[in-house]
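Throughout, this note's numbering is defined as the position within the sequence shown, counted from one, plus 476.
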Amino acid sequence: MSSRLSVTIDLAAIADNWRYLQNELGAGRECGAVVKANAYGLGLAPVARQLADAGCRTFFVANVSEGIALRDSLAAFPDSLIYVLQGALAGDEPDFLASQLRPVLISAPMVRRWAAFAADKPTASCAVKVNTGMNRLGVEPAELTQLLAELSPTSAAVHPNRESRHNAAPCFWREQVTMLVSHLACADMPEHALNSAQWLSFSQLLAEVRAVNPAIKGSFANSSGIFLGQAYGFDVARPGAALYGINPTPQLANPMRPVVYLRLPIVQVRVAEPGSYVGYGAQSHLPAQRRLAVVAGGYADGVFRAAFPALEGYLQGQRVPIVGRVSMDTITFDVTEIGDVREGDEIELLGEHVSADQQGQFAGTIGYEILTSLGARVRRIYLGERTPEGAGD
Numbered sequence: 477m478s479s480r481l482s483v484t485i486d487l488a489a490i491a492d493n494w495r496y497l498q499n500e501l502g503a504g505r506e507c508g509a510v511v512k513a514n515a516y517g518l519g520l521a522p523v524a525r526q527l528a529d530a531g532c533r534t535f536f537v538a539n540v541s542e543g544i545a546l547r548d549s550l551a552a553f554p555d556s557l558i559y560v561l562q563g564a565l566a567g568d569e570p571d572f573l574a575s576q577l578r579p580v581l582i583s584a585p586m587v588r589r590w591a592a593f594a595a596d597k598p599t600a601s602c603a604v605k606v607n608t609g610m611n612r613l614g615v616e617p618a619e620l621t622q623l624l625a626e627l628s629p630t631s632a633a634v635h636p637n638r639e640s641r642h643n644a645a646p647c648f649w650r651e652q653v654t655m656l657v658s659h660l661a662c663a664d665m666p667e668h669a670l671n672s673a674q675w676l677s678f679s680q681l682l683a684e685v686r687a688v689n690p691a692i693k694g695s696f697a698n699s700s701g702i703f704l705g706q707a708y709g710f711d712v713a714r715p716g717a718a719l720y721g722i723n724p725t726p727q728l729a730n731p732m733r734p735v736v737y738l739r740l741p742i743v744q745v746r747v748a749e750p751g752s753y754v755g756y757g758a759q760s761h762l763p764a765q766r767r768l769a770v771v772a773g774g775y776a777d778g779v780f781r782a783a784f785p786a787l788e789g790y791l792q793g794q795r796v797p798i799v800g801r802v803s804m805d806t807i808t809f810d811v812t813e814i815g816d817v818r819e820g821d822e823i824e825l826l827g828e829h830v831s832a833d834q835q836g837q838f839a840g841t842i843g844y845e846i847l848t849s850l851g852a853r854v855r856r857i858y859l860g861e862r863t864p865e866g867a868g869d
């Protein structure tokens, strides 16, 4: 076996997970896909193309650079809609038009700036995000009411050079705004009271906007939100983590197919004598003779140093515990209880026996961070890739 580090990504499983979520949403609702952060570290181009092949047509990224890259990756799917969750910063507006991106406007000043920019540009579509209780990004409810009145058909605010209300610009809310967005703070905790409070707030705000634009869509549910009930689905859901195999229902068995398989090659097998120590800081003391396997891969590759001493891997289907701290390039496991172990054998850290959620628990974090931390020197190998040139994007 080669010592070159690689992670295997099952693109068919990602497509199946998207179909499962679309079915969970029910008829009349659309399942989008969040592919920000390089599709959670798995590769923007191959993942997005696989999702588009499966039927996904609405995508979400974090910033304009990701949006431009995604538009290039989806050249074969020109009807795809791409929303940029951090909105349009001042000066970036022309880039949105050039790549047919839709900003999710996150503040009242940003809404006003985009409205002025879009006044004479019919294709400058956008979404508006409202804060319903997470207090991270979004227009406040009172600001939304003000903006609805301010940017109405009778207001000259969207075009200050208009001489009279009779010459006002077309209605920003009807002609440019295609979606109202909010975000659940506690969707992975179904019993949390904030879920229903946010749902009620969003429902009221969406009704307020629909009084001006009856066709506007609502987007509220993330991965876990889809499982709170169909009422939370509204028109367009925005799953991310669940597409990549992370459990959207932490209290229950994971309904998603596993996607990511990380196996690190053993580069040395050695015997450590009783009373010896292993690793930096001599954090592991061996009371008896142990057989150790050192693998290529460490915190430079996304295996968290904080995972010691809980980290575990699997070799030949059997659990093997970590011995000593995670180093930058190597990790040591105790393989004493395994039969024949040789250089080149692989220890599984993500896959059939260990999920990203479990690895997150070992390191005191979440599965999202495990996937997005996979290092640049870890080669991505794709199962079922539609275009070979996308590998490694």
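Note that beta-carbon positions come from the ideal geometry of N, C-alpha and C, so glycine has one too.
Reference residue i; option with closest CA among the options
| i | options | result |
| --- | --- | --- |
| aspartate 833 | Leu527, Asn499, Pro726, Pro797 | Pro726 |
| glycine 820 | Tyr708, Leu740, Gln794, Phe809 | Leu740 |
| asparagine 723 | Asp492, Tyr844, Ala528 | Tyr844 |
| proline 870 | Thr812, Val712, Asp548 | The chain is shown only over 477 to 869; residue 870 falls outside these bounds and no answer can be derived. |
| methionine 711 | Ser700, Ser695, Glu684 | Looking at the sequence itself, residue 711 is aspartate, so the reference to methionine does not match. Checked all of Ser700, Ser695, Glu684; the closest Cα to aspartate 711 is Ser695. |
| arginine 746 | Gly519, Tyr737, Pro734, Val770 | Val770 |
| asparagine 499 | Phe703, Ala584, Gly778 | Phe703 |
| arginine 588 | Val615, Thr599, Asp571, Phe572 | Val615 |
| phenylalanine 593 | Asn611, Gly609, Phe648, Val685 | Phe648 |
| arginine 505 | Ala713, Ala489, Gly800 | Ala713 |
| proline 629 | Ala618, Arg650, Val604 | Arg650 |
| arginine 795 | Ala729, Ile823, Ile558 | Ile823 |
| serine 658 | Glu667, His668, Gln680, Pro666 | Gln680 |
| cysteine 662 | Thr654, Gln652, Leu656, Ala673 | Ala673 |
| glycine 563 | Val653, Val799, Ile490, Pro554 | Val653 |
| glutamine 744 | Ser700, Ile807, Gln765, Val779 | Ile807 |
| isoleucine 692 | Ala764, Ala603, Pro666, Gly716 | Ala603 |
| leucine 561 | Asp571, Val779, Ala552, Leu577 | Leu577 |
DSSP state of residue i mapped onto helix, strand, coil
| i | result |
| --- | --- |
| serine 575 | coil |
| methionine 610 | coil |
| lysine 512 | helix |
| alanine 644 | Unreliable placement is indicated for alanine 644, whose pLDDT of 40 sits below 50; no coordinate value is reported for it. |
| serine 586 | Note that residue 586 is methionine in the sequence shown here, rather than serine. In the structure shown, methionine 586 sits in a helix (DSSP, three-state: H, G or I). |
| serine 695 | strand |
| leucine 546 | helix |
| glutamine 794 | strand |
| glutamate 861 | coil |
| leucine 728 | coil |
| arginine 638 | With a pLDDT of only 43 at arginine 638, under 50, the local geometry of the prediction cannot be trusted, and the value read off the model is given with reservation. DSSP places arginine 638 in coil when its eight states are reduced to three. |
| leucine 518 | coil |
| asparagine 703 | In the sequence on display, residue 703 carries phenylalanine and not asparagine. The answer is helix: DSSP assigns phenylalanine 703 an H, G or I state. |
| alanine 524 | helix |
| serine 482 | strand |
| phenylalanine 678 | helix |
| arginine 766 | strand |
| threonine 812 | coil |
| alanine 625 | helix |
| threonine 654 | strand |
| leucine 497 | helix |
Neighbour flag for residue i against chain D, beta carbons, 8 angstroms
| i | result |
| --- | --- |
| serine 583 | Protein chain content of the structure displayed is limited to a single chain, and chain D is not contained in it. |
Residue i burial status per 10 Å Cβ neighbour count (16 or more: buried)
| i | result |
| --- | --- |
| methionine 586 | buried |
| arginine 855 | exposed |
| tyrosine 756 | exposed |
| glutamine 835 | buried |
| aspartate 816 | exposed |
| isoleucine 857 | exposed |
| serine 760 | buried |
| glycine 609 | buried |
| alanine 574 | exposed |
| proline 636 | With a pLDDT of only 47 at proline 636, under the threshold of 50, the placement of this residue in the model should not be trusted, and no figure is reported. |
Residues that residue i bridges to, as DSSP identifies them
| i | result |
| --- | --- |
| glycine 778 | Beta-bridge pairing links glycine 778 to no other residue. |
| tyrosine 753 | His761 |
| alanine 713 | Cys507 |
| glutamate 824 | Arg739, Tyr790 |
| valine 771 | Ile742, Ile807 |
| phenylalanine 535 | Ala509, Ile558 |
Residue i: CB within 7 angstroms of a non-hydrogen atom of the ligand SAH
| i | result |
| --- | --- |
| threonine 608 | Judged by which ligands are present, the structure shown has none, so any question about the ligand SAH falls away. |
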